[in-house]
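First residue of the sequence shown: 5, per the working numbering; consecutive thereafter. The beta carbon of each residue, even a glycine, is placed where N, CA and C say it ideally should be. All values derive from a computational prediction rather than experimental measurement. What follows is a short report on a single structure.
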Amino acid sequence: MTAGSGLPRRDPLQPVDLDAAMLDPTTVFDDPDDVVASGVLTPEQKATVLERWSVEAERIAAADDVRPDAADEAARQAARARAARALL
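Right, dumping it as structure tokens:
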């Protein structure tokens, strides 16, 4: 969502490259909330994309060679992806 606006960053009916989203959700979506808001993904696809987002963000957050600010942001993204998945 756009900061403070409560609006999704992308059109919920915009087609989704599902293969790309499954590999790296951040190449298709700006925010986990955009995955939840998607009107073209099934609940199962949303859950899979959000799980992938969370796992990858957790991997980045735990990496030894990541700057602390990047690790913190990755941890926040992982938490947001988990929370968004719980909304499904």
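Three-state class that DSSP yields for residue i in the structure shown
{"i": "residue 7", "result": "Any reading at residue 7 needs caution, since the residue's pLDDT is 44, under 50, leaving its predicted position unreliable; the model's value is listed next. In the structure shown, residue 7 sits in coil (DSSP, three-state: anything other than H, G, I, E or B)."}
{"i": "residue 54", "result": "helix"}
{"i": "residue 19", "result": "coil"}
{"i": "residue 3", "result": "Shown here, the chain extends from 5 to 92; a query on residue 3 therefore has no answer."}
{"i": "residue 73", "result": "helix"}
{"i": "residue 44", "result": "coil"}
Candidates the options: closest to residue i by CA position
{"i": "residue 51", "options": "77, 78, 37", "result": "37"}
{"i": "residue 85", "options": "74, 58, 79, 76", "result": "58"}
{"i": "residue 31", "options": "60, 43, 88, 44", "result": "60"}
{"i": "residue 92", "options": "27, 34, 46", "result": "46"}
{"i": "residue 17", "options": "44, 39, 26", "result": "44"}
{"i": "residue 29", "options": "66, 40, 56", "result": "56"}
{"i": "residue 15", "options": "21, 41, 26", "result": "41"}
{"i": "residue 22", "options": "49, 77, 70", "result": "49"}
{"i": "residue 77", "options": "19, 35, 25", "result": "35"}
Per-residue burial, residue i [other beta carbons within 10 Å of its own, 16 or more giving buried]
{"i": "residue 82", "result": "buried"}
{"i": "residue 80", "result": "exposed"}
Any non-hydrogen atom of the ligand NAP within 7 angstroms of residue i CB
{"i": "residue 84", "result": "This structure simply doesn't include the ligand NAP, nor any ligand for that matter."}
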